[in-house]
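Numbering follows the working numbering, with no gaps: position 192 of the sequence shown is 350. Beta carbons: idealized from backbone N, C-alpha and C, even for Gly. Read through the structure below, which is laid out as structure tokens, and then see the notes.
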Amino acid sequence: MLLKIICLVEDTPKDPLMGEHGLSLYIESDIRILFDMGQSRLFAENARRLGVDLREVDVAVISHGHYDHGGGLRHFLEINDSADVLMGEGAFTPRYAINGDWRFIGLEEIHNDRIKFISKTESFPGFVVIRDFGDLFERPPGNRTLFACLNGKPVPDRFSDELAIVIEDEGHLNLITGCSHNGILNIVSKVSDIFHKPLDLLVGGFHLEGPSEEVASWLGEFVRGPVYTGHCTSEEARLSFAEGPVNVSPFQTGTEIIT
Numbered sequence: 159m160l161l162k163i164i165c166l167v168e169d170t171p172k173d174p175l176m177g178e179h180g181l182s183l184y185i186e187s188d189i190r191i192l193f194d195m196g197q198s199r200l201f202a203e204n205a206r207r208l209g210v211d212l213r214e215v216d217v218a219v220i221s222h223g224h225y226d227h228g229g230g231l232r233h234f235l236e237i238n239d240s241a242d243v244l245m246g247e248g249a250f251t252p253r254y255a256i257n258g259d260w261r262f263i264g265l266e267e268i269h270n271d272r273i274k275f276i277s278k279t280e281s282f283p284g285f286v287v288i289r290d291f292g293d294l295f296e297r298p299p300g301n302r303t304l305f306a307c308l309n310g311k312p313v314p315d316r317f318s319d320e321l322a323i324v325i326e327d328e329g330h331l332n333l334i335t336g337c338s339h340n341g342i343l344n345i346v347s348k349v350s351d352i353f354h355k356p357l358d359l360l361v362g363g364f365h366l367e368g369p370s371e372e373v374a375s376w377l378g379e380f381v382r383g384p385v386y387t388g389h390c391t392s393e394e395a396r397l398s399f400a401e402g403p404v405n406v407s408p409f410q411t412g413t414e415i416i417t
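Printed below as a string of structure tokens:
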């Protein structure tokens, strides 16, 4: 079965599509998946322009509880009246960024029977939801300004709700991530431990503002196919990966990946 991924929203616009700080990917294989929903209704407007019918989505996944990945949730529930929405347990925990001032970056808490909370790695028809990634490798330095509010007190965010998904397609292993706040190497390492083979495709953000020699040198241990990254991966970081053994390309709003 052909695997097709269309980027509905990313920070970089591509005429006639608009962009915003956020991520939303439409994935089509044996099942139609919406992975993340940006921060507004823009993902739906771009989907319409691209000929993607969100009413036909079978299941949606929100990678973590930040506004730029799940801000469009209410709009999706209005558009699609049947798909479940998978979120990590704790995704509605209040989240803040501190850069001089405290800024709320979490999600509006929505109560809907179609929202299902995931507490462990779990298989679904056509894909596997991965969580609990461990700390074998360093987490992104950018996490240091990000906090969760637990029991009324701000604490450094551990992103225990973060989800990634794996789609196995004709023996090929394809990994989709959101921001990789747990560290992209921890995520690909966890997938390697589960499936015991390298990735054929990696798509997502890595939450890196600058070069990472560790990521550049280790990605090749876990990935044998192309890597597409954007959103929270800076150009400086992406270019540093090019010095390693993996073929890394940028993606933007409107990018279509077919394998």
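query                                                                                                                                                                                : result
May I ask you to report which of helix, strand or coil DSSP gives THR303?                                                                                                            : helix
Are ASN340 and LEU359 close, meaning C-beta to C-beta below 8 Å?                                                                                                                     : no
Leaving out five residues before and five after LYS348 in sequence, what residues of the same chain have Cβ atoms less than 7 Å from its Cβ?                                         : ILE288, PHE291, GLY292
Straight-line CA distance for ILE191 to GLU178?                                                                                                                                      : 21 Å
If the criterion is Cβ atoms closer than 8 Å, does the pair CYS337 and GLY368 meet it?                                                                                               : no
By DSSP, does ASN204 sit in helix, in strand, or in coil?                                                                                                                            : helix
List the endpoints of the continuous alpha helix (DSSP H) containing HIS330.                                                                                                         : That residue, HIS330, is in no alpha helix (DSSP H); its beta strand (DSSP E) goes 330–334.
Could you name the residues of the same chain whose beta carbon sits closer than 7 Å to that of GLY300, not counting the 5 residues immediately before and after it, in chain order? : HIS365, GLU367
In its own chain, which residues sit with a C-beta less than 6 Å from the C-beta of LYS274, not counting the 5 before and 5 after it?                                                : ASP242, LEU244
Over what stretch of residues does the alpha helix (DSSP H) that includes VAL349 continue unbroken?                                                                                  : 342–353
When we look at the beta-carbon of ILE164 and count the other beta-carbons within 10 Å, is it buried (16 or more) or exposed?                                                        : buried
What whole-angstrom Cβ distance do VAL167 and PHE201 have, given they're in contact under 8 Å?                                                                                       : 5 Å
For ILE325, which of helix, strand or coil comes out of DSSP?                                                                                                                        : strand
Just the C-alpha distance for GLY378 and TYR184, rounded to the nearest angstrom, thanks.                                                                                            : 26 Å
Near GLY256, which residues of its chain fall below 6 Å by C-beta distance, leaving aside the five closest residues on each side in sequence?                                        : Rather than Gly, the amino acid found at residue 256 in this sequence is Ile. Answer for ILE256: THR303, listed in chain order.
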